[in-house]
Every structure is written in C-alpha cells, then in structure tokens.
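What follows is a short report on a single structure.
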Amino acid sequence: MNILIIDNDESLRYMLTEFCNHAGWESDTAINGREGVEKFRHGEFDVILVDYHMPEMDGLQTVKEIRKQNQQIPILVLTVDERQEVADRFLEEGATDFALKPVKAPDLISRVQLHVQLANMRSAHEESEEVYTAKGISKNTLQIIADHLKKEEEPVSVDIISKNIGLAYPTVYRYLMHLLEEGQVKQVISHQKIGRPKKLYKWYTK
C-alpha cells in the first residue's frame with residue numbers, strides 16, 4: 001500500500017511517515033496542496049492524507065483538485081477543526097473521512113484499512129456509486145451505517161456509531177442526516193438527568 005501525505009508541518013509529515021512504516025506501508029510526502037496534486041498526478045497511491053490548513057492551496061482546494069482526477073481514492077482529512085459545517089464542505093468536495101489531530105497511530109491505521117476495504121468494494125460497483133458520489137455520499141459507507149443501525153435494538157448516538165464502525169463523527173453525522181431526509185432513520189430525543197437533551201438515532205421500521 002502506498003500513502004500520499006500532504007501537510008506543511010514537517011514534524012507531522014515525519015510522524016505520519018513513521019506510522020506508515022510501522023504498518024508496513026510505503027509513503028510519499030508533499031509540503032502543500034499544489035505539490036500534493038502534482039505528485040498524485042504522476043504517482044500511484046492507495047490513500048491520501050491531507051491537512052486542512054496549508055499555504056498556497058488549502059486542504060479543501062486540494063481535495064477538489066484530486067477529485068477531478070480520481071473519484072474513488074480514499075481521501076482522509078487531518079484537522080483540529082471539529083465544526084460540522086467544515087466537515088460538510090469537505091465531504092461535498094469529495095473527502096472520504098476525517099482524522100482529528102493529534103493523530104494516533106492505531107486510529108489512523110485502522111481508518112486507512114477500513115477505507116481501502118470500502119474503496120475495493122466500490123470499484124466492484126462503480127456504476128451504482130456515481131449518483132451517490134455526486135452528492136458526497138458513498139453507497140457502501142451508507143450501507144455500513146444502515147446495517148449497524150438495523151442491528152441496534154435501542155436508539156444510539158452519533159458518537160457511539162462513530163466508535164463502533166470506525167468512521168469519524170462528522171462523517172457519520174452527515175450520513176445520518178441523509179438517511180433522515182430519506183425517511184429511513186428517525187431521530188429520538190433523550191432527556192438527560194444532567195445537561196441538554198441528547199439526539200439519538202434509530203432505523204425506521206414501518
């Protein structure tokens with residue numbers, strides 16, 4: 001497996017390269033989005049790790065440019081920004097998932113493995129994926145979340161789903177909102193003894 005790391009932080013590039021070495025993967029690095037897009041154009045990679053805040057070309061523009069060349073490769077965004085509106089913008093441009101900084105090796109390795117598996121599944125059903133990809137939604141990722149919800153007897157929170165299936169919170173939330181719009185999931189408000197009411201989600205069985 002070959003990973004392209006796009007980040008302007010030298011220490012983070014070194015750390016991510018070490019993570020890849022530990023997992024037995026090859027890797028290449030780029031110091032900004034412009035260089036990253038160029039390396040992607042001339043190389044062969046299985047996964048891309050891209051930082052959000054970079055000079056010259058930020059992560060959002062980088063994702064957009066890479067998606068013009070390749071619709072399938074998993075792109076994981078590295079960020080400290082947990083705002084859902086930022087996540088939505090990235091997912092709309094074609095990002096696959098997120099790894100929140102500080103990045104931990106076990107989390108990153110398992111997330112990369114999951115998305116390579118999903119990408120392999122996607123390539124087998126490329127045509128049926130097109131409509132979903134255009135909306136920033138992957139059919140296979142949607143199916144994983146749906147299958148998980150179907151197994152749950154009680155309503156569950158976004159963070160529990162995120163932890164159980166290995167996808168980042170913003171990714172899970174966006175897919176749940178899609179399922180909610182489609183009428184396949186219902187939202188349940190759980191009133192806590194302390195703090196604000198919590199939103200839980202359950203598969204809608206008619």
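Just so you know, we're using full-length UniProt numbering here: the sequence shown kicks off at 1 and counts up by one.
Positions of the beta carbon are idealized from the N, C-alpha and C atoms, including for glycine.
Here the structure is a predicted model, which is why all the values come from computation and not from measurement.
When you compare the CB positions of residue i and residue j, do they come within less than 9 Å of one another, or not?
{"i": "ARG196", "j": "LEU91", "result": "no"}
{"i": "GLN71", "j": "PHE40", "result": "no"}
{"i": "MET1", "j": "VAL77", "result": "no"}
{"i": "ILE5", "j": "SER27", "result": "yes"}
{"i": "GLU56", "j": "ARG34", "result": "yes"}
{"i": "LYS198", "j": "SER157", "result": "yes"}
{"i": "ILE145", "j": "LEU118", "result": "no"}
{"i": "GLU82", "j": "LEU100", "result": "yes"}
{"i": "LEU200", "j": "PRO155", "result": "yes"}
In chain order, what residues of the same chain lie with their CB nearer than 7 Å to the CB of residue i, ignoring the 5 residues before and after it?
{"i": "GLN84", "result": "PRO170, TYR173"}
{"i": "GLN180", "result": "It should be pointed out that residue 180 corresponds to Leu in this sequence rather than to Gln. Here the set comprises GLN187."}
{"i": "ASP159", "result": "TYR169"}
{"i": "ALA105", "result": "PHE19, HIS22"}
{"i": "THR29", "result": "ILE5, ARG13, THR17"}
{"i": "residue 249", "result": "Absent from the model: residue 249. The displayed extent of the chain is 1 to 206, so no value can be given."}
Leaving out five residues on either side along the sequence, give the residues of the same chain with a beta carbon under 8 Å from the beta carbon of residue i.
{"i": "GLY183", "result": "TYR204"}
{"i": "ASP9", "result": "ASP51"}
{"i": "VAL63", "result": "VAL50, ILE75, VAL77, PHE90, GLU93, GLY94, ALA95"}
What's the call for residue i, buried or exposed, on a 16-neighbour Cβ count within 10 Å?
{"i": "GLU65", "result": "buried"}
{"i": "TYR14", "result": "exposed"}
{"i": "PRO102", "result": "exposed"}
{"i": "GLY24", "result": "exposed"}
{"i": "SER190", "result": "exposed"}
{"i": "GLY43", "result": "exposed"}
{"i": "ILE194", "result": "exposed"}
{"i": "VAL37", "result": "buried"}
{"i": "ARG80", "result": "The amino acid occupying residue 80 in the given sequence is Val; Arg does not appear at that position. The residue is exposed, with fewer than 16 neighbouring Cβ atoms inside 10 Å."}
{"i": "GLN192", "result": "exposed"}
If you drop the 5 nearest sequence neighbours on each side, which residues of the same chain put their C-beta closer than 6 Å to that of residue i?
{"i": "LEU12", "result": "none"}
{"i": "HIS178", "result": "ILE137"}
{"i": "LEU149", "result": "TRP203"}
{"i": "PRO74", "result": "VAL47, THR96, HIS115, ALA119"}
{"i": "ILE31", "result": "ASN8"}
{"i": "MET121", "result": "ASN140"}
Alpha helix (DSSP H) segments (min. 4 residues) lying fully within the segment 156–180: 158–165
Is the number of C-beta pairs between the segment 109–116 and the segment 28–48 that are closer than 8 Å three or more? yes
Assess, as a yes-or-no matter, whether the segment 167–186 is touched by the segment 92–106 under the definition of 3 or more beta carbon pairs within less than 8 Å. yes
Taking three-plus beta-carbon pairs below 8 Å as touching, is the segment 50–57 in contact with the segment 139–154? no
Ordered list of alpha helix (DSSP H) runs contained in the UniProt domain "Response regulatory" (2–116), each at least 4 residues: 10–23, 33–42, 59–69, 84–93
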